[in-house]
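Peer 1: Quick one: this structure, given as C-alpha cells, is what I'll be asking you about.
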Amino acid sequence: MAPFDSDRSLPLHTAIIMDIESSSRVRVLFSHPTCPAMKPCSHFLASSCRYNENCRFSHGYSVELERIEDYQEPDFMSIVEQGLVLVKGSSDLWKMGRISAIDGQNVAVKLLKSGSELSSKRKDLVTLGEVEEEEKKDESWKELKQETLGNVSVGESGNWNGGGIGMKLMAKNSGGISQTKRPNFGGAHLHPLIFFSHFFAKNFYLFAPCVSLS
Numbered sequence: 007m008a009p010f011d012s013d014r015s016l017p018l019h020t021a022i023i024m025d026i027e028s029s030s031r032v033r034v035l036f037s038h039p040t041c042p043a044m045k046p047c048s049h050f051l052a053s054s055c056r057y058n059e060n061c062r063f064s065h066g067y068s069v070e071l072e073r074i075e076d077y078q079e080p081d082f083m084s085i086v087e088q089g090l091v092l093v094k095g096s097s098d099l100w101k102m103g104r105i106s107a108i109d110g111q112n113v114a115v116k117l118l119k120s121g122s123e124l125s126s127k128r129k130d131l132v133t134l135g136e137v138e139e140e141e142k143k144d145e146s147w148k149e150l151k152q153e154t155l156g157n158v159s160v161g162e163s164g165n166w167n168g169g170g171i172g173m174k175l176m177a178k179n180s181g182g183i184s185q186t187k188r189p190n191f192g193g194a195h196l197h198p199l200i201f202f203s204h205f206f207a208k209n210f211y212l213f214a215p216c217v218s219l220s
C-alpha cells in the first residue's frame, strides 16, 4: 500500500514496487487509479512512450519506503447495500460509491461525486472499510472528503499477475522469470511477487491495497 499525495481523500492505494531507487525510496505503480496521473502508461509498459516525464500518465510514482504499508486482505462480506466500494468507470479509472442495489451477481453503485449510478458485477467491485456511523448519513462530496475511513482493503490485488498490469510488465521484459529475493528493509514486510531480470534489473514486490476516490 502506498500513498499518492495528489489525492488525499484516502491515505493509501494498491501498489506494486517497480523499482528500488535507494535504501529509502521506491517507485510504484497503482492498480486502481482514480485519476490519469495514477494510471500506468501503456506505452511506457511497452517501452514505446515518447513523452517521458511529460507524459500525463504514470511512469511510476516515487515514494519514501517508510510510507509503504503491509497488505490487507479484502473483506468481501462488506458487499452489502450501502457498502462503500470502488467501481471501474470510464477510461479505466476507479470511482467511489455506495451500493444501491444487489441482484445476485449484479450490483448497482451510486457514485458519491456525481450521484449517477453504474452497474457492475460483484466480482469486479473493490470493497472499502466502513466510515463512522454518524458519517454514513451524509454522502455528499464535501463530507466524504472529511471522513476518516481507517483501514481500507481492496479485492483482487489489482490482477497484477492475472492478465492486467502484471502481464504488461512481463511483456515489457524479454528475459526470463527469476526467483524473488527479499531485501532487508528493517521492519518493512514485503510480499514478493515475481520480477523479470531485464526489467529495471530490480525485484518486484506486492503491497497491500488501499484506495482512493476520484
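So the sequence shown is residues 7 to 220, counted in our numbering. In this text, a Cβ means the ideal position worked out from N, Cα and C, and glycines have one as well. Please read all numbers here as calculations on a predicted model, not as lab measurements.
(1) Ordered along the chain, which non-local residues of its own chain (more than five positions away) have a Cβ less than 6 Å from that of W100?
(2) What are the uninterrupted segments assigned as alpha helix (DSSP H) that are 4 or more residues long and contained completely in the stretch 33-94, given in chain order?
(3) Check whether the stretch 13-31 touches the stretch 71-82, counting contact only when three or more Cβ pairs, one atom from each stretch, lie closer than 8 Å.
(4) So what's S30 in DSSP terms, helix, strand or just coil?
(5) For D13, which three-state DSSP category applies?
(6) Would you call the stretch 58-66 in contact with the stretch 97-112, where contact means no fewer than 3 C-beta pairs closer than 8 Å?
(7) Could you tell me the boundaries of the beta strand (DSSP E) in which G103 lies?
(8) For the beta strand (DSSP E) that contains S125, what are its first and last residues?
(9) Looking only at C-alpha atoms, which of P9, L71, K127 sits nearest to G29?
(10) Whole angstroms is fine: what's the gap from V86's alpha carbon to D109's?
(11) According to the neighbour-count rule (16 or more other Cβ atoms, all chains shown, within 10 Å of its Cβ), is S125 buried or exposed?
(12) Judging by CA-CA distance, which residue of L118, M44, V132 is the nearest neighbour of D11?
(13) Alpha carbons only, please: which of V34, D13, D25 is nearest the one belonging to M7?
(14) Give me the Cα-Cα distance between K129 and Q111, rounded to the nearest whole angstrom.
Peer 2: Inspection of the coordinates gives the following:
(1) H38, T40, L92, K94
(2) 48-51
(3) yes
(4) coil
(5) coil
(6) no
(7) 100-109
(8) 123-127
(9) Sequence inspection shows Ser at residue 29; the Gly mentioned does not correspond to that position. Nearest option by C-alpha distance: L71.
(10) 11 Å
(11) exposed
(12) M44
(13) V34
(14) 8 Å
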